[in-house]
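Below: the structure, in structure tokens.
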Amino acid sequence: MSTPTIHIRNLCKTYIVTEREAGVVAALQSLVRRHTEQVIAVDGLTFDVAPGEIIGFLGPNGAGKTTTLKMLSGLLHPTAGEVTVLGHVPWRREKTFLRQITLVMGQRNQLVWDIPAIDSYELNRAIYRIPAQDYRRTLDELTDLLELGPLLRKPVRNLSLGERMKCEIAAALLHRPQVLFLDEPTIGLDVTMQRRIRTFIAEYNRRYGATVLLTSHYMADVEALCRRVIVIHHGKLLFDGELAGLVQSFSAHKTITVQLGDCETDLWSYGDVVTCEDGYVTLRVPKSETARVTERLLADLPIIDLTVEDPPIEEVIEQVFAQEAV
Amino acid sequence: MTYLRLLYVFFRIGVLGELAYRVNFFVQLFQSLLGLGTALAGLAVIFTHTDRLGGWRPDELIVLVGVYMLVGGAINLVIQPSMERLIESVREGTLDFTLTKPEDAQLLVSVQAVQIWQLTDVVLGFGVLIVALIRLGAAVGVWQAAAFGVALLAGGAIVYSFWLILATCSFWFVRVENILVIFQSMYEAGRWPVSLYPGWLRFALTFVVPVAFATTVPAQALTGRLTGQTLLGAVALAAALLVGSRLFWRFGIRYYSGASA
Amino acid sequence: MRDLLEVYVQQFKTTLATQVQYRAALVIWLIGHILDPVIYLVVWDTVARSSGGRVGTFSTGDFGAYFILLMLVNHATFTWIMYEYDYRIRHGDLSFALLRPIHPIHADIADNVSFKLITLMFMLPIAAGLAIVFRATLPLIPWALAAFVPALLLAFIVRFLVEWTLAMVAFWTTRVSAINQMYYVAALFLSGQVAPLSLMPFPIQVVATLLPFRWIIGFPVELLLGRLTPGEVLMGFAAQGVWLAIGLALLKIVWRASVRQYSAVGS
Chain A
12 MSTPTIHIRN LCKTYIVTER EAGVVAALQS LVRRHTEQVI AVDGLTFDVA PGEIIGFLGP
72 NGAGKTTTLK MLSGLLHPTA GEVTVLGHVP WRREKTFLRQ ITLVMGQRNQ LVWDIPAIDS
132 YELNRAIYRI PAQDYRRTLD ELTDLLELGP LLRKPVRNLS LGERMKCEIA AALLHRPQVL
192 FLDEPTIGLD VTMQRRIRTF IAEYNRRYGA TVLLTSHYMA DVEALCRRVI VIHHGKLLFD
252 GELAGLVQSF SAHKTITVQL GDCETDLWSY GDVVTCEDGY VTLRVPKSET ARVTERLLAD
312 LPIIDLTVED PPIEEVIEQV FAQEAV
Chain B
94 MTYLRLLYVF FRIGVLGELA YRVNFFVQLF QSLLGLGTAL AGLAVIFTHT DRLGGWRPDE
154 LIVLVGVYML VGGAINLVIQ PSMERLIESV REGTLDFTLT KPEDAQLLVS VQAVQIWQLT
214 DVVLGFGVLI VALIRLGAAV GVWQAAAFGV ALLAGGAIVY SFWLILATCS FWFVRVENIL
274 VIFQSMYEAG RWPVSLYPGW LRFALTFVVP VAFATTVPAQ ALTGRLTGQT LLGAVALAAA
334 LLVGSRLFWR FGIRYYSGAS A
Chain C
39 MRDLLEVYVQ QFKTTLATQV QYRAALVIWL IGHILDPVIY LVVWDTVARS SGGRVGTFST
99 GDFGAYFILL MLVNHATFTW IMYEYDYRIR HGDLSFALLR PIHPIHADIA DNVSFKLITL
159 MFMLPIAAGL AIVFRATLPL IPWALAAFVP ALLLAFIVRF LVEWTLAMVA FWTTRVSAIN
219 QMYYVAALFL SGQVAPLSLM PFPIQVVATL LPFRWIIGFP VELLLGRLTP GEVLMGFAAQ
279 GVWLAIGLAL LKIVWRASVR QYSAVGS
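Order-wise, the sequence lines are chains A, B and C. Per our numbering, the first sequence starts with residue 12, numbered consecutively. Per our numbering, the second sequence starts with residue 94, numbered consecutively. Per our numbering, the third sequence starts with residue 39, numbered consecutively.
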């Protein structure tokens with residue numbers, strides 16, 4: 012690819028954590044003797060991101076996703092490795108760099124609590140030195156895309172969680188950053204709101220060509236937005252590629268759904284029966300057996316309908332993490 | 094300058110947030126007047142038994158009360174709420190937002206919260222000052238006024254740096270919320286001339302918790318007691334502390350971004 | 039009665055455990071408790087020295103003894119209950135208090151006393167040090183010492199009742215800090231913290247005698263320093279008794295009204 016927006020080689024981050032047991036005695040002991048441990052949060056990450064890509068970071072809690080995002084946005088110093096974002100070294104926190112990025116954290120707010128969102132926007136306008144005309148135009152577009160109209164003049168504490176998140180996202184985009192770091196932006200939101208925010212991110216990316224790095228627990232987020240997925244576990248990069256490929260590489264099974272009309276027949280000789288409902292039986296078979304089992308099913312039984320599918324992605328991911336948790 | 098521009102923006106937000114609660118203004122005014130009344134009543138009791146306190150005449154002590162309120166109000170206007178917010182944001186992780194903004198983080202955290210109604214203390218203190226000076230019939234010449242201004246600025250810079258150093262400690266010690274109370278408890282002593290106190294206390298109020306530079310030194314400027322030495326010393330200390338606190342802040346940020354999760 | 043005692047013991051244990059963790063911060067309050075009397079001590083010392091060594095019946099050594107003793111008595115009787123209730127109401131932490139079958143004041147008293155058991159360990163040596171530094175002259179009168187103990191105890195109970203009742207104000211308004219300030223200003227002047235009451239203008243002395251402030255802080259100090267005649271001491275005990283009765287009555291009335299207010303308004 013031409014100059015990548017984000018360039019990472021062998022990124023590492025190690026923390027020194029002090030451990031302490033409960034109780035007064037241990038507390039006093041810890042004043043004299045400190046028991047420390049090394050925690051490797053990120054272990055040799057290497058990947059590049061092209062301009063305009065939307066990338067999803069997947070990984071269980073504590074995998075290193077948020078740590079990676081913080082190193083990319085300049086909040087943390089890496090222990091080792093090299094990082095450039097838009098040609099800058101993030102942790103130098105140069106102003107020209109900071110003006111082109113933005114960080115959205117699903118669990119924390121940057122909006123001032125007691126005043127309407129629009130006034131917090133004015134604050135950001137001053138900090139990012141956005142020219143009046145650009146500010147107006149961007150605000151109008153964001154208001155339109157996110158349906159912010161009636162929300163802007165209400166004090167933030169009076170908004171619902173979803174409304175607040177929309178206003179947060181708008182606040183983060185007022186300065187038209189080129190790189191967006193989104194850390195669990197849809198967490199805690201209802202399904203409709205999640206979908207709306209997903210649509211927005213996709214539209215924003217399409218219109219402005221912004222590069223987006225997204226972490227999320229919700230597969231729906233990743234499925235809807237990210238063509239490319241990076242799986243991190245224990246700080247290590249497990250997978251970097253297309254989502255479809257993820258299932259291909261990691262799943263050892265396929266799911267066959269057979270419509271039989273009833274649930275009487277015992278299908279255990281064909282594969283693992285997962286469920287049987289209203290005459291639909293779901294079987295799990297090893298990938299290599301799929302063709303053979305399908306043949307046998309079609310030959311032996313009065314099948315009304317048969318589908319072969321990949322198992323749900325959540326299952327695949329779970330298995331991936333379970334495997335690596337040695 | 095960026096500093097003034099940002100201060101204006103944050104001020105505006107502080108005002109907007111508070112304008113909805115006009116009652117707060119009257120409550121604050123009441124409390125300010127009560128505080129002033131307390132100080133004056135205390136002086137009244139003392140001066141039924143004497144006519145000078147440590148060489149200070151009653152009206153000179155009222156000047157001191159005025160400075161005490163003026164400076165106290167200024168501290169509680171911006172410095173105290175911003176530093177408290179800083180400590181909270183370290184604890185809650187919202188400091189990260191500040192660190193991704195393209196402006197100097199120390200600047201942003203120093204003006205981020207404004208308690209607008211503390212202006213009553215500032216205005217009242219200033220008024221008390223003027224009245225006391227008139228009663229003294231003091232001829233406050235240009236030099237004295239200038240010295241007063243310089244002393245105020247130096248005192249303000251010293252107090253700000255002190256608060257910043259305390260707040261920066263929260264990067265290392267998480268349960269430090271109440272540490273700022275140290276200053277507020279000792280500030281009470283600033284209502285009386287620091288020269289009254291025994292040596293060890295005077296030292297503590299000058300060099301450990303810089304109350305003397307906030308109140309007594311500017312009041313000395315107005316009452317003709319300020320030596321050039323002291324003024325120069327205050328300015329030098331202010332400069333040293335501004336630099337020192339900034340270095341400590343930078344050190345704290347480096348630690349914060351090296352070790353936080 | 040034995041059950042109540044058991045409650046106190048348990049409460050002591052729990053609060054002692056939490057003190058180390060949470061109330062460590064309250065130790066910073068101690069600075070104010072030590073500094074305030076020291077400030078006035080220094081001021082009056084200065085006045086005395088410029089007036090030939092005495093003001094009224096107080097020499098510089100007498101001032102030293104008075105203010106340092108005042109510091110200890112004030113610390114022994116003080117409460118933070120008004121802030122506590124304001125905090126509890128704003129954070130909805132009251133359900134526990136309302137659900138218990140005993141009056142919440144017991145838990146609050148136990149909490150208060152266990153805090154002081156720890157802080158007095160610091161306050162006493164500091165007071166001793168200050169007494170040396172300021173050359174306090176402490177008269178040792180056996181009967182005064184004996185009478186001091188019940189006087190202090192009564193002072194603590196009356197003060198707790200008064201301030202606890204006042205803390206109920208938090209149920210009706212959020213302007214607790216303004217009311218607190220009024221109370222503290224009144225206490226400042228009328229309990230002998232700004233100056234020994236005998237040095238205050240006569241009208242103030244009259245008001246001080248009629249209100250509880252003198253009896254909850256100033257009185258035990260004056261007693262121990264031997265500045266009161268036995269007759270005056272007895273009158274003091276009587277005054278404490280009166281305010282104890284008033285306090286208990288008010289407590290009952292106000293608490294009931296507060297609970298009604300709370301359940302009417304919701305949390």
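Glycine included, each C-beta is placed from N, C-alpha and C at the ideal position.
query	result
Against chain B, with Cβ distances strictly below 8 angstroms, would Gln121 (chain A) count as a contact?	yes
Please list, in chain order, the residues of the segment 102-119 of chain B that have any C-beta partner in chain A closer than 7 angstroms.	Val102, Ile106, Leu109, Gly110
In three-state terms, what does DSSP make of Gln189 (chain A)?	coil
Check distances from the C-beta atoms of the segment 178-206 of chain B to those of chain A and list, in chain order, the residues that come in under 8 angstroms.	Glu185, Gly186, Thr187, Asp189, Phe190, Leu192, Thr193, Lys194, Pro195, Glu196, Leu201
Would the segment 148-159 of chain A and the segment 96-109 of chain A be scored as touching if the rule is three or more Cβ pairs under 8 angstroms?	no
Please list the segments of the alpha helix (DSSP H) lying wholly inside the segment 218-290 of chain C, counting only runs of 4 or more residues, in order along the chain.	240-248, 257-262
Between the beta-carbon of Phe192 (chain A) and the beta-carbon of Ile112 (chain A), is there less than 8 angstroms?	yes
Rounded to whole angstroms, what's the CA-CA distance from Ile435 (chain B) to Ala332 (chain B)? Just pull it up for me.	Residue 435 (chain B) lies beyond the range of chain B shown here (94 to 354); nothing can be said about it.
With a threshold of 16 other CB atoms inside 10 Å of the CB of His264 (chain A), please say whether the residue is buried or exposed.	buried
If you run the structure through DSSP and keep just helix, strand and coil, what is Ala260 (chain B)?	helix
Please give me, in chain order, every unbroken run of the beta strand (DSSP E) with length at least 3 that falls completely inside the segment 228-312 of chain A.	239-244, 247-253, 264-270, 283-288, 291-297
Per the contact definition of three or more C-beta pairs closer than 8 angstroms, is the segment 253-270 of chain B in contact with the segment 41-52 of chain C?	no
Considering only DSSP beta bridges, list what Cys11 (chain A) is partnered with.	Examination of residue 11 (chain A) is not possible in this model, given that chain A is present from 12 through 337 alone.
Look at the Cβ atom of Phe209 (chain C), then the Cβ atom of Tyr125 (chain C), and state whether they are nearer than 8 angstroms.	no
So Val164 (chain B) and Thr308 (chain B) are supposed to be a Cβ contact under 8 angstroms. How far apart are they, rounded?	6 angstroms
Helix, strand or coil for Met116 (chain A) per DSSP?	strand
Using only the alpha-carbon positions, how far apart do Trp293 (chain C) and Pro142 (chain C) sit?	10 angstroms
Using alpha carbons as the reference points, say which of A:Gly85, A:Leu69, A:Leu22, A:Thr78 lies closest to Gly55 (chain A).	A:Leu22
Ignore the nearest five residues each way along the sequence and tell me which others in Trp124 (chain A)'s own chain have a CB closer than 6 angstroms to its CB.	Val167, Arg168
So that I know if they touch, is there some Cβ in chain B lying closer than 8 angstroms to that of Ala74 (chain A)?	no
Grab me the residues of Leu294 (chain B)'s own chain with a C-beta within less than 6 angstroms of its C-beta, minus the 5 sequence neighbours each way, in chain order.	none
Which same chain residues end up closer than 8 angstroms to Trp202 (chain C) when comparing Cβ atoms and leaving out the 5 residues on each side of it in sequence?	Thr117, Ile119, Ile143, Asp146, Leu289
Ignore the nearest five residues each way along the sequence and tell me which others in Glu288 (chain A)'s own chain have a CB closer than 7 angstroms to its CB.	none
Need the endpoints of the alpha helix (DSSP H) that Leu317 (chain A) sits in, please.	Run containing Leu317 (chain A): none in the alpha helix (DSSP H); it sits in the beta strand (DSSP E), 316-320.
With a threshold of 8 angstroms between beta carbons, is Thr157 (chain C) in contact with chain B?	no
With contact counted as at least three CB pairs below 8 angstroms, one residue from each stretch, are the segment 187-196 of chain B and the segment 278-298 of chain B in contact?	no
In this structure, how does DSSP classify Gly128 (chain B) when only helix, strand and coil are distinguished?	helix
Rounded C-beta distance between Phe42 (chain B) and Gly248 (chain B)? I'm assuming under 8 angstroms.	In the structure as shown, chain B starts at 94 and stops at 354, and residue 42 (chain B) therefore has no counterpart that could be examined.
Any beta carbon from chain B within less than 8 angstroms of Asp145 (chain A)'s own beta carbon?	no
Within the continuous alpha helix (DSSP H) that includes Val160 (chain B), where are the two ends?	151-167
Could you name the residues of chain B that Thr84 (chain C) contacts, counting a contact when the two beta carbons are closer than 7 angstroms?	Leu146, Gly147, Leu289
Does Leu170 (chain B) get closer than 8 angstroms to chain A when you measure Cβ to Cβ?	no
Measure from the alpha carbon of Thr213 (chain B) to the alpha carbon of each residue in B:Gly345, B:Leu122, B:Arg178, B:Leu325, then state which is nearest.	B:Leu122
List the residues of chain B that Gly85 (chain A) touches, going by C-beta distances under 9 angstroms, in chain order.	Leu192, Thr193, Ser350
Would you mind sorting Ala354 (chain B) into buried or exposed? The rule is 16 or more other CB atoms within 10 Å of its CB.	Only weak support is given to the placement of Ala354 (chain B): the predicted model assigns it a pLDDT of 40, under 50, and the question is left unresolved by the model.
Using the Cβ count rule (16 or more neighbours within 10 Å means buried), how would you classify Ser263 (chain B)?	buried
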